[in-house]
Amino acid sequence: MQAPSSNEPGELIAGATSLVAPVAPRRRRGLSGGIEPYLYLLPGFLVFTLFVAIPTVGSIILSLTAWNGVSWDTATFIGLDNYIKAITDHRFQIAFWHNIVLVPYFVLLPLVIGLVPAAVVHQLQLRGARWLQAGLFLPYIMPGVLIGVVWAWILNPIFGPVNKILKQLGFSPPTWLGDFTWALPTVGMIGAWAAYGFCYVIFIAGLQKIPSELYEAARLDGANTWHEFVSVTLPGLRREIAVVLSVNLINALRAFDIIKATTDGGPGDRTQVMALYMINTAFGSRQAGYGTAIAVLLAVITLVGSMLVLRLFGDDDD
Amino acid sequence: MTLDRRELLKRSGMVSAGLAIGASAATHTVVAQDSEGLVFWDTLNSPPRSTIAEDLAKAFSEAHDGISVEHRGWETDELGNTLPRAVEGDQGPDVAQVNNGEALAGPMIRAGQLVSLKDYVGEYGWDELMPPGLLARNMYTADGTTFGEGELWGVSAEAEIVGFYYSRKIFEDNGLDVPTTFEEFEQVLGKLREAGQEPLLFGNLDKWQAIHLFGEIQGTYTDREYLDNLIYRRGDASFEDDSMVKAAEKVVEWKNNNFFLEGFEGINGDDAVPLFTSGGGAILMQGSWAAGEVQEAMGDDAGFFLMPPHEDGGTVLSVGGVGIPYSITTNASDPDLSAEFINTLVSEDAFNAFVDAGLLPAGDIPEDKIVEGTLSGDLYGNWNQALADDAVGHYLDWAAPGFYDILTGELQKLLGGQTDPESFVKALQEAYASSFE
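These protein sequence lines are chains R and U, in that order.
Counting in my numbering, the first sequence runs from 1 upward without gaps.
Counting in my numbering, the second sequence runs from 1 upward without gaps.
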């Protein structure tokens, strides 16, 4: 895709206009000829600069300071000390490890739970799937805090329906979110529940573009449903799987809202994660500089993680 | 089509430019309004508190030729995070609640964002509103480095004390009296468990109530001097103290004796209140701020007592303190007017409005407001006694910035059997000591 040799984007647009509109283009006067296209870009550029570029550069600068978040006068430049502190900070290491533990729950589990019904609906040509689609997608559009509050209620050991049922069945269930053994898997399962609808919808969309001839050919070759799934459906969904893996991985690494609303990192530090630790450090401990360094590290880790996923599962042709 | 689209883009560009100009104009209007009247930010964000704040603002406005007095009620965290940056950007209110100690007051004083109230104390008699032990919580040295002494930087309208709400009916049915000693309290808890009742209700999923549980028990083993030194960060006070170890051991013992609500680890603190009021247990550990909710649901079937001492007649430092104090920010266009307004927020009218709403204002409650055999009567009677004994303790998470996370995390570990009392106290001391570095 080589760009045409013209250096004047304004001329390009004017040229395109002349192709579409039968009326000869008006000759522009003064500055508008050369600047106009840039003016169209200006609102987007301003928004990007204001809300992405400046905060990013600002965060990187802040992360190199010791600042209590109250007055600029108190900020002092300390170079990379915050980053060195983070790497050696036992509490940050624990939080990082918990994010890693959450990866199977936030990334792989929703992928499997989303893929199976999508494949079943598509391969068996089930009717009424649209309703199923809407229902399965619902958790994904719910705010994480709301999901957390609702699940904390469902799993409430005293009022909640889960433990009531389990007790009636003769079990003695744990307190789930308040239990040192169960808290992390429980928030992981809540995260999986919140994400699988997204996977389902992406897969359903991806399945539409797999040519039905491939399934017919597979059947002619004697393939059963499982063989169709492995040999046609899965390879056909490679790009979608890459998208889902990278989006879910980003969600696993930046996990915050569900955990804040359910356990707030507890019991002890059993569900402490990087984003929560970042907030507590920047605002709770008033170490805004250090908290920002954690935020930058979190962004870098997330970027590297999602690039790795795209490299491993992305389309080699691109 | 193409021309239309271009026209649309042009117009949207004009709209964007217009919005930008409009936004800057709006900002100027806010600043202009700010200089004409008073803006105050606090955490009185829902009735009856917000109604009291707005009524007082209205009365102040009427007494000052209709000057505009604008109130904004925030969530505590949100206010704490927004206020310093708003003041830094010259967009802050004239008067605001500034959380005590290193939570916010210290850093804001050091940043030159608050106005000392030392010139107004005499004029308005604010030093006589509360006993010295409570007043100290709103004090800092002029340079903002030492908490608990020096000048007054804020005035509190409300106060707080943590204690135990109980069901008179459940106590009566089980032949129990309000305990007057710590040992009696333990016997009551044991008898309630034997009788098949949930003895002590609280919820620790959202962490904060364990601070109160531990603080209440620790308050029976400690004294004023030690606790003040620890919280005001004076001298060599350390968490590695007998009172801390004993309290931690007692917490574990109570847990092992099943004195706590079964499943307390999995419910939020505020969920324990409706559980109690609906008959789910005999005793609820909660602050005075829950009195309204308990009163509304249970009427005078509910009573209130403070943590009893080990020996009859002894003193216990109950967890509690002053409400978040009102301070004047350096953005205030007229500090004298702001001070006068603060005085309205702690006036007799304000005091009575808080009492009438079943809330706890900062100061002695007049005897005629105390009705025996009622929940508010129990609360106010106990509060007056605690004031008279100088027995209002502290929230231990005030000890250092960010200490809340450490303390709540370690308490959850203690209650979950993941640490022992000695290691628990050691971990607290390590975090406390590192806050001085």
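From the three backbone atoms N, C-alpha and C, an ideal C-beta is built for every residue, glycine too.
The structure displayed is predicted, hence computed values, not measured ones.
{"query": "Three-way DSSP call (helix, strand, coil) for Asp42 (chain U) in this model", "result": "strand"}
{"query": "Cβ-based burial, Glu286 (chain U) [other Cβ within 10 Å; buried from 16]", "result": "According to the sequence shown, residue 286 (chain U) is Gln rather than Glu. It is buried - the Cβ of Gln286 (chain U) has at least 16 other Cβ atoms within 10 Å."}
{"query": "CB contact below 7 Å: Ile52 (chain U) versus chain R", "result": "no"}
{"query": "7 Å Cβ cutoff met for Ala449 (chain U) and Val95 (chain U)", "result": "This structure cannot settle anything about residue 449 (chain U), because the visible part of chain U is limited to 1 through 437."}
{"query": "Counted within 10 angstroms of its Cβ, other Cβ atoms place Met142 (chain R) as buried (16 or more) or exposed", "result": "exposed"}
{"query": "Residue range of the alpha helix (DSSP H) that includes Tyr166 (chain U)", "result": "From DSSP, Tyr166 (chain U) is part of no alpha helix (DSSP H) but of the beta strand (DSSP E) over 159–167."}
{"query": "Nearest residue (CA-CA) to Val260 (chain U), options U:Thr344, U:Asp270, U:Met108, U:Phe202", "result": "First, the amino acid is wrong: residue 260 (chain U) is Phe here, not Val. Among U:Thr344, U:Asp270, U:Met108, U:Phe202, the Cα nearest to that of Phe260 (chain U) is on U:Phe202."}
{"query": "Of the residues U:Phe214, U:Ala210, U:Asp241, U:Leu213, the one placed nearest Glu225 (chain U), counting alpha carbons only", "result": "U:Asp241"}
{"query": "Against chain U: residues of the segment 49–77 of chain R by CB proximity under 9 Å", "result": "Asn68, Gly69, Val70, Ser71, Trp72, Asp73, Thr74"}
{"query": "Reference Gln123 (chain R), options R:Gly197, R:Trp176, R:Ser231, R:Asn156, closest by Cα", "result": "R:Ser231"}
{"query": "Proximity test, Phe351 (chain U) beta-carbon vs the ligand NAD heavy atom, cut-off 6 Å", "result": "Here there are no bound small molecules, and the ligand NAD is not part of this structure."}
{"query": "Close-in-space but distant-in-sequence residues of the same chain around Phe96 (chain R) (CB under 7 Å, 5 per side omitted)", "result": "Met274"}
{"query": "Beta-carbon proximity of Tyr166 (chain U) to Ile283 (chain U), cut-off 7 Å", "result": "yes"}
{"query": "8 Å Cβ cut-off: residues of chain U touching Ile204 (chain R)", "result": "Going along chain U, no residue has its Cβ under 8 Å from Ile204 (chain R), so there is no contact; the nearest lies around 33 Å."}
{"query": "Under 7 Å between C-beta atoms of Leu379 (chain U) and Phe214 (chain U)", "result": "no"}
{"query": "Leu205 (chain U) at chain R interface by Cβ criterion, 7 Å", "result": "yes"}
{"query": "Chain R within 7 Å of Asp405 (chain U), Cβ atoms only", "result": "yes"}
{"query": "Closest by C-alpha distance to Thr220 (chain U), when choosing among U:Leu428, U:Asn331, U:Glu183", "result": "U:Glu183"}
{"query": "Residues within the segment 257–269 of chain R neighbouring chain U, beta-carbon criterion of under 9 Å", "result": "Thr262, Thr263, Asp264, Gly265, Gly266, Pro267, Gly268, Asp269"}
{"query": "Beta-carbon proximity of Asp264 (chain R) to Lys413 (chain U), cut-off 7 Å", "result": "no"}
{"query": "With 16 other Cβ atoms within 10 Å as the buried cut-off, status of Val47 (chain R)", "result": "exposed"}
{"query": "Residue(s) in a DSSP beta bridge with Phe260 (chain U)", "result": "U:Leu200"}
{"query": "Rounded Cβ spacing between Val247 (chain R) and Leu111 (chain R) (contact assumed at less than 8 Å)", "result": "Contact flag wrong, Cβ pair sits at about 10 Å."}
{"query": "Beta-carbon proximity list for Val273 (chain U), same chain, < 8 Å, skipping 5 on both sides", "result": "Leu284, Gln286, Ala290, Glu293, Val294"}
{"query": "Residues near Val103 (chain R) in its chain [Cβ-Cβ closer than 6 Å; skip 5 each side]", "result": "Ala252"}
{"query": "Cross-chain neighbours of Leu79 (chain U) in chain R, by beta carbon under 9 Å", "result": "Chain R residues near Leu79 (chain U): none, gap ~12 Å exceeds 9 Å."}
{"query": "Proximal residues of chain R, C-beta to C-beta of Met108 (chain U) below 9 Å", "result": "Val70, Ser71"}
{"query": "Cross-chain neighbours of Ile158 (chain R) in chain U, by beta carbon under 7 Å", "result": "Gly263, Ile267, Leu275"}
{"query": "Neighbour list for Gln385 (chain U) in chain R, Cβ cutoff strictly below 8 Å", "result": "The premise fails here: Gln385 (chain U) is roughly 34 Å from chain R at the closest Cβ pair, so nothing lies under 8 Å."}
{"query": "When R:Gly128, R:Val296, R:Ile259 are compared against Trp151 (chain R), the one with the closest alpha-carbon", "result": "R:Ile259"}
{"query": "Every unbroken alpha helix (DSSP H) within the segment 131–178 of chain R, with a cutoff of 4 residues, ordered by chain", "result": "144–154, 161–168"}
{"query": "Three-pair Cβ contact test at 8 Å for the segment 189–197 of chain R versus the segment 208–221 of chain R", "result": "no"}
{"query": "CA nearest to the CA of Leu407 (chain U), picked from U:Gly416, U:Leu396, U:Gly417", "result": "U:Leu396"}
{"query": "C-alpha gap between Val39 (chain U) and Thr56 (chain R), whole angstroms", "result": "33 Å"}
{"query": "Leu468 (chain U) versus Tyr277 (chain R) - alpha carbon distance", "result": "Residue 468 (chain U) is absent from the model: chain U starts at 1 and stops at 437."}
{"query": "Extent of the continuous alpha helix (DSSP H) run through Ile365 (chain U)", "result": "Per DSSP, Ile365 (chain U) belongs to no alpha helix (DSSP H) and is neither H nor E."}
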